[in-house]
Amino acid sequence: MEHLIVGFQDVLNPATLFWVAAGVTLGYVLGAIPGLGKATGVAVAIPLTFYLAPAAALGMLIGIAKGSAAGSAVSAILLNTPGEPSSAPTAMDGYPLARQGKAQKALKMGLFASVIGDFVSTMILIGLAAPLASYALLIGPVELCAILLFSLTFVGGLSGRSLTKGLIAAAFGVFFATVGLEAETFIPRLTFGMLELDDGIALVPIAIGMLAVAEMIVQAGNIKALDVESAQISDGASREDRVVLASEWRRCLPVIARGTLIGSVVGILPGLGASVGSFLSYGATVRASKTPEKYGTGMIEGIAAAESADNAVVPSSLVPLFALGIPGSVIAALLIAAFILHGLTPGPLMFKQQPRLVADVYAAMICASLIMLVIGYNGQRLFAQIIRVPLRLIIPGVLLLCCVGAYMETGSVFSIYVMLFFALLGFFARKLDFSFVTFLIGFVIGPSLELTFRQSIQILDHQAVNLSGHPIAIVFILLTLATVWWTTRDNGRTAASQQRGDCGQTDPTEAETKHIKKGG
Amino acid sequence: MKHSTEKHTTGRHLLGAAVALALGWTGFATAASAADDYPTGPITMMVGYAAGGQTDLVARATAKVMSEQLGVPINVVNKPGAGGAVAARELQKAKPDGYTVLFQASTVINSAPFIMERVDFTPDDFEYAGMITAYQVGLATQKDAPFDTLAEFVAWAKENPGFSYGSLSPEARMYMEQIAKKEGLEANIVPLKGGGDMINVILGHQVVLALSGGIHKKYPDEMKMIAALTTFRHPSDPDVLTIDENGYELGMDSRTTLILPKGTPRPVLDNLATALKAAETDEDFKKIIAAANIPIMYFDANGAAKEMADSYANNKRIMESVGIIQK
Numbered sequence: 000m001e002h003l004i005v006g007f008q009d010v011l012n013p014a015t016l017f018w019v020a021a022g023v024t025l026g027y028v029l030g031a032i033p034g035l036g037k038a039t040g041v042a043v044a045i046p047l048t049f050y051l052a053p054a055a056a057l058g059m060l061i062g063i064a065k066g067s068a069a070g071s072a073v074s075a076i077l078l079n080t081p082g083e084p085s086s087a088p089t090a091m092d093g094y095p096l097a098r099q100g101k102a103q104k105a106l107k108m109g110l111f112a113s114v115i116g117d118f119v120s121t122m123i124l125i126g127l128a129a130p131l132a133s134y135a136l137l138i139g140p141v142e143l144c145a146i147l148l149f150s151l152t153f154v155g156g157l158s159g160r161s162l163t164k165g166l167i168a169a170a171f172g173v174f175f176a177t178v179g180l181e182a183e184t185f186i187p188r189l190t191f192g193m194l195e196l197d198d199g200i201a202l203v204p205i206a207i208g209m210l211a212v213a214e215m216i217v218q219a220g221n222i223k224a225l226d227v228e229s230a231q232i233s234d235g236a237s238r239e240d241r242v243v244l245a246s247e248w249r250r251c252l253p254v255i256a257r258g259t260l261i262g263s264v265v266g267i268l269p270g271l272g273a274s275v276g277s278f279l280s281y282g283a284t285v286r287a288s289k290t291p292e293k294y295g296t297g298m299i300e301g302i303a304a305a306e307s308a309d310n311a312v313v314p315s316s317l318v319p320l321f322a323l324g325i326p327g328s329v330i331a332a333l334l335i336a337a338f339i340l341h342g343l344t345p346g347p348l349m350f351k352q353q354p355r356l357v358a359d360v361y362a363a364m365i366c367a368s369l370i371m372l373v374i375g376y377n378g379q380r381l382f383a384q385i386i387r388v389p390l391r392l393i394i395p396g397v398l399l400l401c402c403v404g405a406y407m408e409t410g411s412v413f414s415i416y417v418m419l420f421f422a423l424l425g426f427f428a429r430k431l432d433f434s435f436v437t438f439l440i441g442f443v444i445g446p447s448l449e450l451t452f453r454q455s456i457q458i459l460d461h462q463a464v465n466l467s468g469h470p471i472a473i474v475f476i477l478l479t480l481a482t483v484w485w486t487t488r489d490n491g492r493t494a495a496s497q498q499r500g501d502c503g504q505t506d507p508t509e510a511e512t513k514h515i516k517k518g519g
Numbered sequence: 000m001k002h003s004t005e006k007h008t009t010g011r012h013l014l015g016a017a018v019a020l021a022l023g024w025t026g027f028a029t030a031a032s033a034a035d036d037y038p039t040g041p042i043t044m045m046v047g048y049a050a051g052g053q054t055d056l057v058a059r060a061t062a063k064v065m066s067e068q069l070g071v072p073i074n075v076v077n078k079p080g081a082g083g084a085v086a087a088r089e090l091q092k093a094k095p096d097g098y099t100v101l102f103q104a105s106t107v108i109n110s111a112p113f114i115m116e117r118v119d120f121t122p123d124d125f126e127y128a129g130m131i132t133a134y135q136v137g138l139a140t141q142k143d144a145p146f147d148t149l150a151e152f153v154a155w156a157k158e159n160p161g162f163s164y165g166s167l168s169p170e171a172r173m174y175m176e177q178i179a180k181k182e183g184l185e186a187n188i189v190p191l192k193g194g195g196d197m198i199n200v201i202l203g204h205q206v207v208l209a210l211s212g213g214i215h216k217k218y219p220d221e222m223k224m225i226a227a228l229t230t231f232r233h234p235s236d237p238d239v240l241t242i243d244e245n246g247y248e249l250g251m252d253s254r255t256t257l258i259l260p261k262g263t264p265r266p267v268l269d270n271l272a273t274a275l276k277a278a279e280t281d282e283d284f285k286k287i288i289a290a291a292n293i294p295i296m297y298f299d300a301n302g303a304a305k306e307m308a309d310s311y312a313n314n315k316r317i318m319e320s321v322g323i324i325q326k
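In the order they appear, the protein sequences are chains A and B.
For the first sequence, counting from 1, position 284 maps to 283 in numbering that gives the first Met the number 0; every step adds exactly one.
For the second sequence, counting from 1, position 259 maps to 258 in numbering that gives the first Met the number 0; every step adds exactly one.
Okay, here's the thing in structure tokens:
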């Protein structure tokens, strides 16, 4: 604790705070741009920090990661094009809210949920890094496999109006995830001789293509109607549309608490990532809600659920890095290099050898949370104006950014082709009302599920009996079975009683067309 | 940004070609004089792995030193894919003028062609400006494991059939298959994705042994190495025998190599080699490399070409002897 006070003394000076704030701002803007996310931001900024003091440099890099997780909500809400794949669920309810003239309210809730998730998760990192990390090691491939299997059942809750279509989309996601070198024999699957596909299809071009580019095509399709509507939207006509009301706070706080918890746990577990966190939190919230059919039409809880989990993943994914030296996420892997350059080797020894520098980093992380609140709060007023810009001006700009974003990660034009292919797929998915959310869940979870399943078979020595030594896995397998039974029963009943078919979330496009019809 | 430079280079290239055509023999003279005052502009250094890994770390540190030496900026560009083969293909298409280089593990040339059907590189397809660090590949296990050497492990494994071994590459699988075949062991080979995954399963006691590309050296309190899989003993563990010394002739080496397109002028290679040598004694570079526990083993242009040819021949012999490729 006294270390932390010293840490604050080191960080609370104009120079260090400036760099942390610069990092958060940079991250916030990068996050808001489709395709340019935390990973790109941190990777590009690492050389820039060579010349800064360690506390400022590490604070800036972590600031970028935190800022971009929050910033990605902005474009999700305003343009229905999530800045990062992990903010896709934010767009579900955020965009309908923005279209209803409640952009500022949605942005504020997104920001508050982000900051709370981030702050609590940072506290978890500071207080529990060491003890939690040793528990995380108990979660081996067998347990992870069972947890991932359980996660897949959330597909049921996110399938939209048709469970069958949701499952088909998820199956397609898993299918595309099988492309690349097979993990055990290294035989290339479905690569058609292209070396670029050996490592599989990257998530970023897929997500940009399916979410952002496809959305821009759809919007270009009814540009007239949307332009008319944009002119009509008076941003925040009444105070109620601009601020988060006390009643909404009451409804959202438990959602944020759950999202933060889910995000923190997902962050600590190896190899899951922010997308899994936000999708799970959104799915859990829809499932827990008494009115799941309203999700997708502008439920503010949806934003709270997705954003709190999305941001909570970032600090907690540093837990395995700090406590054991194991990178739990791409960001953590990138940060290792930066930490070493600045004289801090991540791992248990760093608490003994460099307690002061660790405290500095912690203090910088807390400052970054608060700075994020200030910058986001002032920025959202400015960002909200985007909604009034005619779409014919926005679409070309977003498309350009999409191409840049797809290109950045691998530095090859091939990724842009991948993006275009999935834009086409995403376009038809929207038109035919297939959920791209379940597609992405299948794609994100599929490869990890396959790998951990194969690992489990080897570790269990090909004997199902050996599962008895893995109680955590057994619990999750039982939970999975129970959920599947519950979902199918529930779904059968809903289908029978509700012929209107308004169960689950509605596609944002649907909500938007409905709204246009109402407005015109 | 990167894209526009590329276009720019192509433009220059076309112009150069046109001039060369018009003037006939002067084409050669232009190339020679260009090589003499090399470098005059920024250099693009490709890395065939994603940002954040061990090779990327070394590449960025090397780029910093070389940039200071050569007086021009060096931009590190990550082009991950197929263990570097995607980047190597891209390098083959680049102009051999020294402004596009690849910083990569030598495995992309001395091992990938034997493992991946669609990769057919040979050492003669590229030029080499030097090598700077070596990978300390070895068999790693928990610090408290009941064996300290490969021989002791084999004895233990005979008593414990059905043990788990972590493998993150075809080579890793080959090692255990060969040892198991020779000694009659019953091994479960657990597929892993990358070094982070390897650390997880070792520290979490999910496997008893795993192949490590060198990352285990960062965990001296939790892990130990029982055999080096290189042809030399590791500078960090001089007492641990190599796999060859254990009686299995399977040792293979990989080193970070500065690779250039075929036809790059000799003065350019030497220029780069001299700049690379500065890394050997650079304090910052040594600090970064030491933190990651990677040994510096410098080779100049000639040494690198010889090492690449030798290791290619050695690996080919091993792959043939174990039946991965036909003679």
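Each residue gets a CB set at the ideal place from its N, CA and C atoms; glycine is no exception.
- prompt: List, in order along the chain, the chain A residues whose C-beta lies closer than 7 Å to that of I188(B)?
  reply: Ordered by position in chain A, the residues that pass the 7 Å Cβ test against I188(B) are Q457.
task: Would you list the one or two residues that DSSP bridges to I323(B)?
output: BP columns for I323(B) are empty, so no partner.
- prompt: DSSP beta-bridge partners for K223(B)?
  reply: T140(B)
message: Between the alpha carbons of T290(A) and C251(A), how many angstroms are there, rounded?
response: 14 Å
- request: Under 7 Å between beta-carbons, which chain A residues line up against N301(B)? List them in chain order, please.
  value: By Cβ distance, chain A contributes nothing, its closest Cβ being about 30 Å from N301(B), past 7 Å.
- prompt: Alpha carbon to alpha carbon, what distance is there between L208(B) and F231(B)?
  reply: Distance from the CA of F231(B) to the CA of L208(B), rounded to the nearest whole angstrom, comes to 21 Å.
field: Classification of S467(A) by the beta-carbon crowding that lies within 10 angstroms, buried from 16 upward
entry: exposed
- request: Can you check the segment 97 to 130 of chain B for any beta strand (DSSP E) of at least 3 residues that lies completely inside it and give the ranges in chain order?
  value: 99 to 104
query: Under the three-state reduction of DSSP, which class applies to M45(B): helix, strand or coil?
result: strand
message: Considering only DSSP beta bridges, list what A186(B) is partnered with.
response: F162(B)
field: Backbone CA spacing between R316(B) and L249(B) [nearest angstrom]
entry: Answer to the nearest angstrom: the Cα atoms are 9 Å apart.
message: Contact between the segment 117 to 125 of chain B and the segment 133 to 140 of chain B is defined here as three or more beta-carbon pairs at a separation below 8 Å; is this criterion met?
response: no
- request: Reducing DSSP to helix, strand and coil, say where F185(A) ends up.
  value: Coil, per DSSP.
query: Just how far apart, CA to CA, sit A322(A) and L137(A)?
result: 14 Å
task: Would you list the one or two residues that DSSP bridges to L180(A)?
output: P187(A)
query: I330(A): which of H341(A), S315(A) and F438(A) sits nearest, CA to CA?
result: With distances taken between Cα atoms, I330(A) lies closest to S315(A).
field: Bounding residues of the alpha helix (DSSP H) (the contiguous stretch that carries I287(B))
entry: E282 to A290
field: Three-state secondary structure (DSSP) of Y297(B)
entry: strand
message: As a quick exercise: from L96(A), G126(A), R98(A) and I267(A), pick the residue whose alpha carbon is nearest that of A362(A).
response: With distances taken between Cα atoms, A362(A) lies closest to G126(A).
field: Neighbour list for L29(A) in chain B, Cβ cutoff strictly below 8 Å
entry: In chain order: nothing, as chain B lies at least about 15 Å away.
field: Coil, strand or helix - A133(B) by DSSP
entry: The answer is strand: DSSP assigns A133(B) an E or B state.
message: What are the residues in the segment 196 to 222 of chain B lying within 9 Å of chain A by C-beta distance?
response: D196, I198, N199, V200, L202, G203, H204, Q205, V206, K217, Y218, D220 and E221
task: Report all residues from its chain with a CB closer than 7 Å to the CB of S150(A); omit the five preceding and five following residues, and keep chain order.
output: V275, L279 and I444
field: Start and end residues, alpha helix (DSSP H) containing L69(B)
entry: Q53 to L69
field: Interface residues of the segment 160 to 187 of chain A facing chain B [CB-CB below 7 Å]
entry: A182, E183 and F185
- prompt: Is it true that the segment 139 to 157 of chain B meets the segment 237 to 255 of chain B, where meeting means three or more beta-carbon pairs spaced less than 8 Å apart?
  reply: With a cut-off of 8 Å, the segment 237 to 255 of chain B and the segment 139 to 157 of chain B count as touching, because enough Cβ pairs lie within range.
- prompt: Between A81(B) and I115(A), what straight-line distance do the alpha-carbon atoms span, to the nearest angstrom?
  reply: Their backbone Cα atoms lie some 40 Å apart in a straight line.
query: Expressed to the nearest angstrom, what Euclidean distance is found between the alpha-carbon atoms of L22(B) and D96(B)?
result: Reliability of the predicted coordinates at L22(B) is poor, the pLDDT of 44 falling under 50, and no value is obtained from them.
query: Counting along the chain, where does the alpha helix (DSSP H) carrying I216(A) start and finish?
result: A213 to G220
- prompt: Which first and last residues belong to the beta strand (DSSP E) in which V75(B) is found?
  reply: I73 to N77
- prompt: Taking the beta strand (DSSP E) that P53(A) falls in, what are its first and last residues?
  reply: From DSSP, P53(A) is part of no beta strand (DSSP E) but of the alpha helix (DSSP H) over P53 to L78.
message: Within a Cβ cutoff of 6 Å, which residues of the same chain sit near M296(B), ignoring the five residues on either side of it in sequence?
response: A133
query: What's the C-alpha gap between F27(B) and D35(B)?
result: The predicted model places F27(B) with a pLDDT of 45, which falls under 50 and marks its position as unreliable; any figure quoted below should be read in that light. Computed Cα separation, rounded: 13 Å.
query: At a CB-CB cut-off below 9 Å, which residues of chain A make contact with N77(B)?
result: A42, E408, T409 and G410
message: Let me confirm a value: V227(A) is counted as buried when at least 16 other C-beta atoms fall within 10 Å, else exposed. Which label applies?
response: exposed
- prompt: Measuring CA to CA, which of E247(A), F111(A) and D198(A) is closest to F175(A)?
  reply: D198(A)
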